[in-house]
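Visitor: Read the sequence shown against the numbering used here and you will find it ends at 211, with the numbers running on by one and no gaps.
All C-beta atoms, glycine included, are put in the ideal place defined by N, C-alpha and C.
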Amino acid sequence: MSWTTARTLAHEVTPPNIKQFVSPEDIRAYPKAEARKNVRQGRKKDKSIIATDTPEKKDIEEKYKKGQEALDKQNKKKAIKRQIVEDDDETEDEEWNSECSSNTFEPEIDPSNFEALD
Numbered sequence: 094m095s096w097t098t099a100r101t102l103a104h105e106v107t108p109p110n111i112k113q114f115v116s117p118e119d120i121r122a123y124p125k126a127e128a129r130k131n132v133r134q135g136r137k138k139d140k141s142i143i144a145t146d147t148p149e150k151k152d153i154e155e156k157y158k159k160g161q162e163a164l165d166k167q168n169k170k171k172a173i174k175r176q177i178v179e180d181d182d183e184t185e186d187e188e189w190n191s192e193c194s195s196n197t198f199e200p201e202i203d204p205s206n207f208e209a210l211d
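Pasting the structure below:
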């Protein structure tokens, strides 16, 4: 197939209404993503100490107590958000359970419902 025949076939196949101009926006690549923020926080740097010395030991205990108090506050806030709804139908449930939970319950068996076994 020669170049001229391929060109004429392309003109015959494509309708004249289709836009044949390709804009730079159609060809342009996707924009690159911005640099991500470095959100990681490292461990807090502290001085080297002898943990069994009295002043340092007290400082460590105070930091620990502050952390525990903060956790207690968070847990207390979570507990306050939940509302416990009590069921008023407890008496009905107890009555129903007491009927079924008796140890002397014996179901009635009607032999007429079973087929005869030979």
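Could you tell me the alpha carbon to alpha carbon distance between Pro148 and Gln161, rounded to whole angstroms?
Guide: Reading the sequence shown from its first residue, position 55 is the one you call residue 148. Reading the sequence shown from its first residue, position 68 is the one you call residue 161. Rounded to the nearest angstrom, the two C-alpha atoms are 20 angstroms apart.
Visitor: Helix, strand or coil: which one does DSSP assign to Ala122?
Guide: Along the sequence shown, one-based indexing puts residue 122 at 29. If DSSP states are grouped into helix, strand and coil, Ala122 belongs with coil.
Visitor: Anyone know if the C-beta pair for Ala144 and Lys138 falls short of 9 angstroms?
Guide: Taking the first residue of the sequence shown as 1, we reach residue 144 at position 51. Taking the first residue of the sequence shown as 1, we reach residue 138 at position 45. Not a contact, by the Cβ cut-off of 9 angstroms.
Visitor: According to DSSP, is Thr145 helix, strand or coil?
Guide: What you label residue 145 is simply residue 52 of the sequence shown in a count that begins at 1. Reduced to three states, the DSSP call for Thr145 is coil.
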